[in-house]
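Residue numbering for the sequence shown follows this note's numbering, beginning at 138 and increasing consecutively.
Glycine included, every Cβ here is placed at the ideal spot set by N, Cα and C.
In what follows, a single structure is set out as structure tokens and then discussed.
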Amino acid sequence: MCHLVAGRAFATEYCLPAVDWRAGRDGVDHAFACVAELADLARSVLMLALLTFCVAVVIHLSVPKAYETRNTRYSDMFAAVGKLYSSWTFWRLALYSVFSHAIYMSVLSLWMGPWLRDMAGLSDSGMANVLLFGAIAMVAGSLTFGTITDYLRRFGVQPIMVCGAGMVIFIGFQMLMASGLPVSPYIVAMGFSFFGTSTTMNYAIVAQSVAPELAGRVSSSFNLVVFVLAFFLQWLMGVVLNLWPVAQGAGHPLEAYQWSLGLMIALQLPGVLLWLGFRPWRRAV
Numbered sequence: 138m139c140h141l142v143a144g145r146a147f148a149t150e151y152c153l154p155a156v157d158w159r160a161g162r163d164g165v166d167h168a169f170a171c172v173a174e175l176a177d178l179a180r181s182v183l184m185l186a187l188l189t190f191c192v193a194v195v196i197h198l199s200v201p202k203a204y205e206t207r208n209t210r211y212s213d214m215f216a217a218v219g220k221l222y223s224s225w226t227f228w229r230l231a232l233y234s235v236f237s238h239a240i241y242m243s244v245l246s247l248w249m250g251p252w253l254r255d256m257a258g259l260s261d262s263g264m265a266n267v268l269l270f271g272a273i274a275m276v277a278g279s280l281t282f283g284t285i286t287d288y289l290r291r292f293g294v295q296p297i298m299v300c301g302a303g304m305v306i307f308i309g310f311q312m313l314m315a316s317g318l319p320v321s322p323y324i325v326a327m328g329f330s331f332f333g334t335s336t337t338m339n340y341a342i343v344a345q346s347v348a349p350e351l352a353g354r355v356s357s358s359f360n361l362v363v364f365v366l367a368f369f370l371q372w373l374m375g376v377v378l379n380l381w382p383v384a385q386g387a388g389h390p391l392e393a394y395q396w397s398l399g400l401m402i403a404l405q406l407p408g409v410l411l412w413l414g415f416r417p418w419r420r421a422v
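Set out below in structure tokens:
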């Protein structure tokens with residue numbers, strides 16, 4: 138993300154015509170700088186791919202194979218997925234958090250940067266710093282919510298209680314983004330990233346509601362719904378923001394973000410009501 142933000146500065150200058158020797162030299166310098174940025178990005182992506190492959194190898198070699206291999210036909214797999222999508226139990230557990238999870242992905246992966254630029258008035262380097270701390274908060278949130286959930290289960294607190302409580306706080310940070318209050322962008326980005334991870338807990342909650350042999354498929358099916366919805370909401374936020382035309386080089390006004398984020402918040406409120414319908418505060422026996 139930092140490379141992408143920094144790389145934008147080179148794109149426009151690289152396209153400028155060289156009107157004299159100095160301008161031509163500057164154009165070549167910027168071109169090489171752009172190539173260097175792209176090379177750094179390519180190396181970063183390759184490094185992440187290599188690390189992912191190493192983790193996959195470690196999992197393959199270290200996880201005990203205590204399961205029976207089965208010859209499953211593709212028709213059976215598609216039938217199982219169809220059964221999941223037609224199950225009210227699946228949708229009942231998925232729907233209360235799916236919009237929050239999709240909005241978390243939509244804003245963090247696309248619209249957090251423009252918000253930091255337009256509302257917080259940050260430069261590209263400032264945006265990169267805030268997004269870095271947001272990424273750290275995301276990792277911390279994943280570890281924290283998992284640890285808290287495991288600890289509270291000893292006292293009968295259900296995972297859905299922790300997931301929903303984090304989701305409500307996450308919506309609160311979206312309200313803070315839409316309020317226009319002079320709050321530190323670090324607090325907004327880190328709070329958004331930290332509490333947004335609570336929505337990912339619902340993968341485990343939904344998976345535990347089905348037979349063990351369907352756990353992998355229910356996670357994949359839920360993931361498909363989340364990603365499709367996330368891409369749609371990214372587009373929808375852009376449509377709402379573009380209802381307020383902006384001058385060249387200017388950012389979107391506060392009113393545009395209030396309407397776009399307000400729409401996202403409104404889409405999550407039925408999920409909160411559905412979560413309350415589960416009575417998550419009840420202790421597990």
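Requested in this report: Quick one: using the 10 Å Cβ neighbour count with 16 as the cut-off for buried, is Asp-166 buried or exposed?
Outcome: Low confidence applies here, because Asp-166 scores a pLDDT of 47, under 50, leaving its location unreliable; read the following figure in that light. It is exposed - the Cβ of Asp-166 has fewer than 16 other Cβ atoms within 10 Å.
Requested in this report: Go ahead and label Thr-209 buried or exposed: buried means 16 or more other beta carbons lie within 10 angstroms of its beta carbon, across all protein chains shown.
Outcome: exposed
Query raised in the report: Taking the alpha helix (DSSP H) that Arg-354 falls in, what are its first and last residues?
Result: Arg-354 -> alpha helix (DSSP H) spans 352-378.
Query raised in the report: When you compare only the Cα positions, how much space is there between Leu-406 and Leu-398?
Result: 13 Å
**Report entry** Extent of the continuous alpha helix (DSSP H) to which Lys-202 belongs
**Finding:** From DSSP, Lys-202 is part of no alpha helix (DSSP H); its letter is neither H nor E.
Report task. Whole angstroms is fine: what's the gap from Ile-306's alpha carbon to Ile-402's? Result -> 12 Å
Query raised in the report: Can you tell me the Cα-Cα spacing of Met-298 and Gln-385, whole angstroms?
Result: 46 Å
Query raised in the report: Considering Thr-286, what are the terminal residues of the alpha helix (DSSP H) in which it resides?
Result: 261-289
Requested in this report: Label Val-296 either buried or exposed according to how many other C-beta atoms from any shown protein chain fall within 10 Å of its C-beta, with 16 as the threshold for buried.
Outcome: The sequence given here has Pro at residue 296, not Val. Label assigned to Pro-296: buried.
Requested in this report: Compare the Cα-Cα distances from Pro-417 to each of Leu-230, Asp-177, Val-200, Phe-215 and report the closest residue.
Outcome: Leu-230
Query raised in the report: Roughly how many angstroms separate the alpha carbons of Cys-152 and Gly-309, rounded to a whole number?
Result: Bear in mind that the predicted position of Cys-152 carries a pLDDT of just 42, short of 50, making it too unreliable to give a figure here.
Report task. Locate the alpha helix (DSSP H) running through Ile-412, then write down its first and last residues. Result -> In the sequence as presented, Ile is not what sits at residue 412; that position holds Trp. Its alpha helix (DSSP H) spans residues 391-414.
Query raised in the report: Excluding sequence positions up to five away, which residues of its chain have a Cβ less than 7 Å from the Cβ of Met-327?
Result: These residues qualify, in order along the chain: Phe-270, Gly-271, Ala-274.
**Report entry** Residues near Val-142 by beta carbon distance below 7 Å, same chain, minus five either side
**Finding:** Because Val-142 sits at a pLDDT of 41, beneath the cut-off of 50, its placement in the model cannot be relied upon, and the following sentence gives the value as read from the coordinates. Its chain contains Gly-250, Asp-261, Met-264, Ala-265 as the residues whose beta carbon lies nearer than 7 Å to that of Val-142, once the 5 sequence neighbours on both sides are disregarded; these appear in chain order.
**Report entry** For Gly-303, the first and last residue of its enclosing alpha helix (DSSP H)
**Finding:** 296-316
Report task. For Thr-209, name the three-state secondary structure that DSSP assigns. Result -> coil
Query raised in the report: Below 7 Å between beta carbons: does that hold for Val-363 and Val-355?
Result: No, Cβ-Cβ distance for Val-363 and Val-355 is not below 7 Å.
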